[in-house]
Amino acid sequence: MIPTNLEELTREKLIGLLLAQAEQMATFQVMIVQLQADNEALRVKLEKLQKPPTSSSNSSQPPSRDQKRNKPANRPKRKHGPPAGHVKYERRFVAEPDQIVPLRVTECPGCQTDLTSALAMLVDVTQITEIPEPKAQVIEVRQYAVTCPGCGQSHVAEPPVGLELNRSFGARLETMVVYYRQEQHMSYERTQATMLNLHGVDLSQGGIDQMMQRAGQAAGTEVATIQAGVQQSSVVNSDETGARGDGRTWWHWVFCTMTAVLHVIQASRASGVIEQVMGEVEVEVWGSDCLPAQLKAKAKRHQLCLAHQLRNLQAVVDRYCLLWWATAMQTLFRAAIHLHHQRTELPPDQFQNRVARLEQLCDWLLKRPLSQPEAVKLQRRYHKHRQNLFVFLYRTDVPPTNNVSERALRPAVVHRKVTGGFRSEWGAKTYAALASVIDTAALKGVSAFAAIQPLMGTPALPLPGE
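In short: position in the sequence shown from 1, add 7, done, that's our numbering.
Listed below in structure tokens is the structure:
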């Protein structure tokens, strides 16, 4: 309390009063600073609470991490089974079955008359597909030496391809092990159990390890050819995802073209990885997301992934439901993608007119004044990369999205989540090399198993002469 009769106070009391007020003001100042900090923390927390939850529709978050809602209890239940009018589908018969089992009545159950010579009528036929009992064949190769009685020279018989003396397992068996590990994401223990239970082959984990190393070395020789194919392509799409190796964070890169797919696992996410893969080559169009490392790739033009932009715009729509600009940009991008798919159905002049209208509308939207920070950020991005938004409307070999790269990386993400990552550097390189061979072969319609088998050699069966 401040005394009312300050004129009556002595000099010493006034000084004491001022000191007390100064101490009180210092205390208040500390409290103000603390309250300001608390207020800022509450403001940030309130903004986070007001911000719509992140999902796969408005970010790069995978759908597996989305919050799943419970279905309403009173929802109309659809009748199970095929819809009305659905044509029944039955498995087609094989023209030449492996075995035929005739079912004939040999004796009359009533009077025990012999019916073996009686005329029988075929009344029903079915075909049953079955897998024979799993049992691998063991082939013993015996090599003999002989001395020619005419000249006295000794000769040793050379084994045929697939029956080399340094082999313990045939190429087809090794291919199956590599297929289980690479494509079905099986661990060493599960691969052991599968080979024993399904094929009757007892393998050690060391044996599986050696098969994988040989497969990686053989696939590595093919990678150079695949990399050259990527470098020679005019359009390249690229993406990257996280990988775990030797307890550290690595990065799994993919480079996709019309004829080749190259996988690379490196410890870096920088543009140096692209430089190692592409060298001094400058492609015509590079398709990717907005990662700075991707945008530094040497290319005459870049095509931004519009699927990423649609999700980013959806985040703005969820945050500001009354903001028309983000919705208009989404409509524009979707119309451009739809026009890309209609290219072959429209006359050239009509297609060009629609492209021109989309370009004009895009320029108009990018000039609209905005105040929301998230919307302003996207508008600045599209201003900066204006020439990289609709490259696909001027070239038939450029896709509007980078989905081809994301699809190529999806098995790697599954492999990482199932196995927990790689334990060694050679394991990561082996996986990347095999993925490159398999995905490149898939572009030609070759299955994964058929793509792996040439890497392991010629199968031992059938034997020569059979």
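Here a beta-carbon is modelled for each residue, glycine too, at the ideal position from N, C-alpha and C.
CB contact flag (residue i, residue j, <9 Å)
i	j	result
phenylalanine 340	valine 362	no
isoleucine 459	glutamine 189	yes
alanine 382	leucine 462	no
arginine 388	cysteine 369	no
leucine 320	alanine 333	yes
proline 141	leucine 210	no
glutamate 196	glutamine 212	yes
valine 284	glutamine 349	no
asparagine 395	aspartate 296	no
threonine 266	threonine 447	yes
glutamine 316	valine 324	no
tyrosine 327	glutamine 379	yes
threonine 61	alanine 322	yes
alanine 467	isoleucine 146	yes
serine 412	aspartate 253	no
glutamine 238	valine 271	no
valine 130	phenylalanine 100	no
leucine 25	leucine 13	no
Rounded distance between the beta-carbons of residue j and residue i, thought under 8 Å
i	j	result
valine 208	leucine 180	7 Å
proline 166	glutamine 150	7 Å
lysine 436	glycine 223	6 Å
phenylalanine 429	arginine 251	7 Å
glutamine 386	leucine 377	6 Å
leucine 450	valine 268	7 Å
leucine 122	valine 112	5 Å
valine 242	threonine 264	7 Å
threonine 465	alanine 178	6 Å
alanine 343	proline 407	7 Å
valine 153	leucine 172	Not quite, the Cβ-Cβ distance comes to about 17 Å (not below 8 Å), so this is no contact.
proline 104	glutamine 68	Between glutamine 68 and proline 104 the Cβ distance is about 51 Å, and since that is not below 8 Å, they are no contact.
serine 443	valine 230	6 Å
leucine 353	leucine 365	13 Å between Cβ atoms; not a contact.
leucine 372	histidine 390	Rounded, the Cβ-Cβ distance is 11 Å, inconsistent with contact.
arginine 255	alanine 274	7 Å
For residue i, the residue or residues it bridges with in DSSP
i	result
tryptophan 258	Gly249, Gln273
valine 398	Valine 398 pairs with nothing; no bridge assigned.
glycine 294	Asn244, Gln310
aspartate 121	Glu114
valine 268	Cys263
phenylalanine 429	Gly252
is_contact[residue i, chain D] using C-beta, thresh 9 Å
i	result
lysine 384	Checking the listed chains, one finds no chain D in this structure; it contains a single protein chain.
beta-carbon residue i near the ligand MN non-hydrogen atom, thresh 8 Å
i	result
arginine 341	In terms of ligand content, the structure shown is empty, and the ligand MN therefore cannot be addressed.
- Are three or more beta carbon pairs between the stretch 404-421 and the stretch 248-266 nearer than 8 Å? When C-beta atoms of the stretch 404-421 are compared with those of the stretch 248-266, three or more pairs fall below 8 Å, so the two segments count as touching.
- Message: List, from N- to C-terminal side, the beta strand (DSSP E) runs of 3 residues or more that fit wholly inside the stretch 76-117.
- Response: none
- Item | Contact the stretch 296-304 vs the stretch 264-284: 3+ CB pairs below 8 Å | yes
- Message: Taking contact to mean 3 or more Cβ pairs, one atom from each stretch, closer than 8 Å, check whether the stretch 288-295 and the stretch 305-316 are in contact.
- Response: yes
- Task: Could you name each continuous alpha helix (DSSP H) segment of 4 residues or more that falls completely within the stretch 307-386, going from the start of the chain to the end?
- Result: 313-326, 331-348, 355-373
- Within the chosen definition, does the stretch 421-433 reach the stretch 187-206 through at least 3 CB pairs nearer than 8 Å? yes
- Query: At what residue ranges does the stretch 193-229 contain a whole run of the alpha helix (DSSP H), taking only runs of 4 or more?
  - Reply: 195-206, all fully within the stretch 193-229.
- Query: Where are the beta strand (DSSP E) runs, 3 residues long or more, that stay fully inside the stretch 151-200, in chain order?
  - Reply: 152-154, 161-163
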